[in-house]
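Colleague:
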Amino acid sequence: MYNLRSDKWHLETERLYLYPLSSRELLLWVDDLPALEQELDCQYKAEPMEGIFQGIVRSQCTITQEDPEHYLFHTFWFLIQKEDGIVIGSADFKDLPNEKGEVEIGYGLGKEFEHHGYMSEAVEALCAWGLDQEEIKAITAETDPDGWASQRILKRCGFSKYPEKNPCWWILSKAGK
């Protein structure tokens, strides 16, 4: 059984640790994955660090450094299996809450871990934590029109269609919690 070091703040579900990466760890994720795996004592098998995704993570390194007080809303959270320390995916809040108190969530999973309920488990935990924050009134998510798996995850976690946005947007509000 894998144990995340007790000095590292994280969320916990039945099968996962949800660990928010520091700005330094984000940079290692982009530039030196073996060093990050060694530091966190884990093995990375989530989505590949390439293309647009790599650029997004790199930009978050700067933002987390510039706004350390709110880094939990700018960083990526690793989804680490408790069973074996394998990083199966990541999730993030895409920025600080807007003027309505809404914050967007995003997520991705390594292909071999799809269809096992891991992402529903992780999204549910992140949303519960997010809605416990005073400044957050609702969590939103955008899916591809044909992203049925992602839409099922959001439905399972209590999201509904967001009537004020296009049909690919979803919302989970404190009132619906």
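Residue 35 in this note's numbering is what sits at position 38 of the sequence shown, and the numbering runs on without skipping anything.
Ideal Cβ placement from N, Cα and C applies to all residues, glycine included.
1) Going by beta carbon distance, what residues of the same chain come within less than 8 Å of C154, once the five residues before and after it are set aside?
2) Assign I49 to buried or exposed, taking buried as 16 or more other Cβ atoms, counted over all protein chains shown, within 10 Å of its Cβ.
3) Which ranges would you report for the beta strand (DSSP E) in the region 94 to 139 if only whole runs of at least 3 residues count?
4) Name, in chain order, the residues that DSSP records as bridge partners for A88.
5) Should L1 go down as buried or exposed, given a rule of 16 or more other Cβ atoms within 10 Å for buried?
6) Sorted by chain position, which residues of the same chain lie with C-beta nearer than 7 Å to F156's C-beta, five sequence neighbours on each side aside?
7) Does the pairing of the region 13 to 22 with the region 68 to 79 give three or more beta-carbon distances under 8 Å?
Modeller: Well, looking at it:
1) If we look at C154 and ignore the five residues flanking it on each side, its Cβ neighbours are S117, V120, E121, C124 and L169.
2) Label assigned to I49: exposed.
3) The region 94 to 139 contains these whole beta strand (DSSP E) runs: 99 to 106 and 135 to 139.
4) Answer is W74 and Y104, bridged to A88.
5) Answer is buried; the Cβ neighbour count reaches 16.
6) Once the five neighbours on either side are set aside, the close Cβ partners of F156 are A138, W167, I168 and L169.
7) Segment contact: the region 13 to 22 against the region 68 to 79, three or more CB-CB distances shorter than 8 Å; contact assigned.
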